[in-house]
Structures are given as C-alpha cells and as structure tokens.
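A.B. asks:
Residue numbers (our numbering): 1378 to 1576.
1) To the nearest angstrom, report how far apart residue 1481 and residue 1557 are at their CA atoms.
2) Is the distance from the Cβ of residue 1471 to the Cβ of residue 1420 below 8 Å?
3) Rounded to whole angstroms, how far is the Cβ of residue 1544 from the Cβ of residue 1555, which I believe are closer than 8 Å?
4) How long is the line joining the alpha carbons of residue 1551 and residue 1466, rounded to whole angstroms?
5) Anyone know if the C-beta pair for residue 1424 and residue 1441 falls short of 8 Å?
6) Here's the rule I'm using: 16 or more other beta-carbon atoms within 10 Å means buried, otherwise exposed. How should residue 1521 be labelled?
7) Tell me whether residue 1455 is buried or exposed, calling it buried when 16 or more other Cβ atoms sit within 10 Å of its Cβ.
8) Which residues in the same chain as residue 1415 place their Cβ atom closer than 8 Å to its Cβ, once the five residues preceding and following it in sequence are excluded?
9) Under the rule that 16 or more other beta-carbon atoms within 10 Å means buried, what is residue 1405, buried or exposed?
10) Taking all protein chains shown into account, do 16 or more other C-beta atoms lie within 10 angstroms of the C-beta of residue 1490, making it buried, or fewer, making it exposed?
11) Short of 8 Å in beta carbon distance, which residues of its chain neighbour residue 1581, apart from the five on each side in sequence? Order them along the chain.
12) For residue 1437 and residue 1411, I'd like the C-alpha separation in whole angstroms.
13) Rounded to whole angstroms, what is the Cα-Cα separation between residue 1559 and residue 1495?
14) Does residue 1558 come out as helix, strand or coil in the three-state DSSP assignment?
15) So residue 1447 is in the alpha helix (DSSP H); what residue range does that whole segment cover?
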C-alpha cells in the first residue's frame, strides 16, 4: 500500500515565497560587517575629520569615545558598540559617510606619495645618522637636541616593542617641515623617491 505522505507535501510552494523577500542571514551579516568596517575606518581617522562627517551626534560621540580608549579590550568593546550604532543609520546617511571617506581617499596620489616619503625619511633618520645632518642643513630652524632625543627614544621604542610615541612625533615634525616647504607649490616631498611609489 502506497504511503500517503510520500511524494505530496500538502502545500503550495508559493506559500513561502514572501518569506524570502527579506535579506538572508548571510546577507545581513555581510551588511553588518560592511558597517562595522566603515565605523572602524572612522575610528582610525583624525578627530577633526570625524567631527566634520555628516552623521547623527550619538554615532559621532561613540566614534570619538572609541578613539580615546587605549585599553585593548575596552577598545574592542567600544568598536562593537560603534558597529551597533552604525547599523542604526539609514541608507542615505551611510552613503553620505561613504562619500566623505571616498573624498578623503581621493585626496590625491600626490598626498599619499608625500606621506610615504615622510615615512621613509623618518625611517632613514632612525637608521642613518647622516639623514639628520641633511634634514638640519635644509631646515636650520629645527631643534637639534630635541630631534636627537626623539630619534634615540624612537630607536629604543622599536628595540623594546614599546608604543611608538617618539616615532610618531618625528613624523609630525617632518609633516610640519613639508607643509612649510610646500606653501602653495606642488608637493616636493618626493626627494626620497615617492614618485616611484606613485604607480
């Protein structure tokens, strides 16, 4: 005797079609990940920039708060919170944030090249004593003692795996020097070969 349950499922397949119009779990997860990454990108930006991004106050506050947290676990939790806040935004708000970030990235290849040149110059200062002589001959107004101390401290930081405080400070000095030299001209910070990096 044939089994009456076999072969017939007893419902029209169209009954469940509506249910699948909603995004799938994996699609939702993808969207959440994108928003989480967008939030992290903002956390890694300069505070002044973040303050100018068009977004609700509570989202901005969560991001600015996260930037201040140094403790690894605390920062991780705050990043999760930033992601949660990002998920409260509507599509237009997310698009506005994305456009702003894209415009920063499009700051131009020249800016990126200049930044890489400064990074290379900083690394050179740490490995080659002659690099400091060159820097001082180009910028006699710089404080020799202060720079020597920073270089010594940065080397120590690297050797002992400490936070790169002096290392960052050297970069800021190089940035000011570059800004002074580039008053209104095109970037000439490629003396270390930034042009080669530009492609």
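Every residue gets a Cβ at the ideal spot worked out from N, C-alpha and C, and that includes glycine.
C.D. replies: To lay it out plainly:
1) So the alpha carbons of these two residues sit roughly 22 Å apart.
2) In this structure, residue 1471 lies away from residue 1420, with their beta-carbon atoms at least 8 Å apart.
3) Here residue 1544 is actually not in contact with residue 1555; their C-beta atoms are around 17 Å apart, not less than 8 Å.
4) 38 Å
5) Judged by beta-carbon spacing, residue 1441 lies within the 8 Å limit of residue 1424, meaning their Cβ atoms are closer than that value.
6) Exposed, since its Cβ has fewer than 16 Cβ neighbours within 10 Å.
7) buried
8) Excluding sequence neighbours, residue 1415 sits near 1463, 1471, 1474, 1475 and 1478.
9) exposed
10) buried
11) Beyond the ends of the chain as shown, which are 1378 and 1576, falls residue 1581; an answer cannot be given.
12) Cα to Cα, residue 1437 sits roughly 17 Å from residue 1411.
13) 13 Å
14) helix
15) Counting along the chain, residue 1447 falls outside any alpha helix (DSSP H), and DSSP gives it neither H nor E.
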